[in-house]
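Participant: This is the structure I have questions about; it appears just below.
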Amino acid sequence: MISPPKSRTPFADSALAKFLDRRIEALKDMKTEAEIAKEIWSPPSFIPMYRRGEAKFPLDTIWLLAAAIDATPAHLFRLALEQHWPGLGEEMVLAFGAIATPAEEGLLLRPWRKATDNMDPRPIPELERAIARMITEVRTIELPRH
């Protein structure tokens, strides 16, 4: 039996690769990939590799990358950890504790991350209005008491 060819981009579907591609594309009028590479002390040829998911992004330079592309370090670190160790989220909660209750995680964070494709969008009036409408509607629901 012939094995299917391995993908040349093993991390192309990772949330970090997708985030980097979109964020760097959004910054293209402000800085080049070469400038970003210089800011993170990386060879310029590595930036396209990270964007295409051909290589894992090194964890020790996440903080530099966050500054270079104006992103939140914690968000990037979460995406990078998931790229390095898929499914690590549950282990992180066990090791460090949760930032949300399981209900909050299931009701709010997972759907939010899925809806935004892990892009950590900046607050904009449309998002703020949509969230305010949701909060207003939630307040009308009689929630069970524990």
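Numbered continuously in our numbering, the sequence shown closes out at residue 146. Beta carbons are placed, not taken as given, at the ideal position from N, Cα and C, and that holds for glycine. The model shown is predicted, which means the values in this text are computed figures rather than measured ones.
Looking at the structure shown, is residue 46 part of a helix, part of a strand, or coil, going by DSSP?
Facilitator: helix
Participant: Is residue 87 buried or exposed, if buried means 16 or more other CB atoms sit within 10 Å of its CB?
Facilitator: exposed
Participant: From this set, 123, 142, 74, which residue's C-alpha is nearest residue 61's C-alpha?
Facilitator: Sorting 123, 142, 74 by C-alpha distance to the C-alpha of residue 61 places 74 at the top.
Participant: Ends of the alpha helix (DSSP H) at residue 136?
Facilitator: 125-139
Participant: Please report the residue range of the alpha helix (DSSP H) in which residue 82 lies.
Facilitator: 73-84
Participant: Taking just the CA atoms, how far does residue 40 sit from residue 64?
Facilitator: 5 Å
Participant: Counting beta carbon pairs with one atom in the region 36-53 and one in the region 97-116, are three or more of them shorter than 8 Å?
Facilitator: no
Participant: With DSSP collapsed to three states, give me the class of residue 102.
Facilitator: helix
Participant: May I have the straight-line CA-CA distance separating residue 36 from residue 128, to the nearest angstrom?
Facilitator: 31 Å
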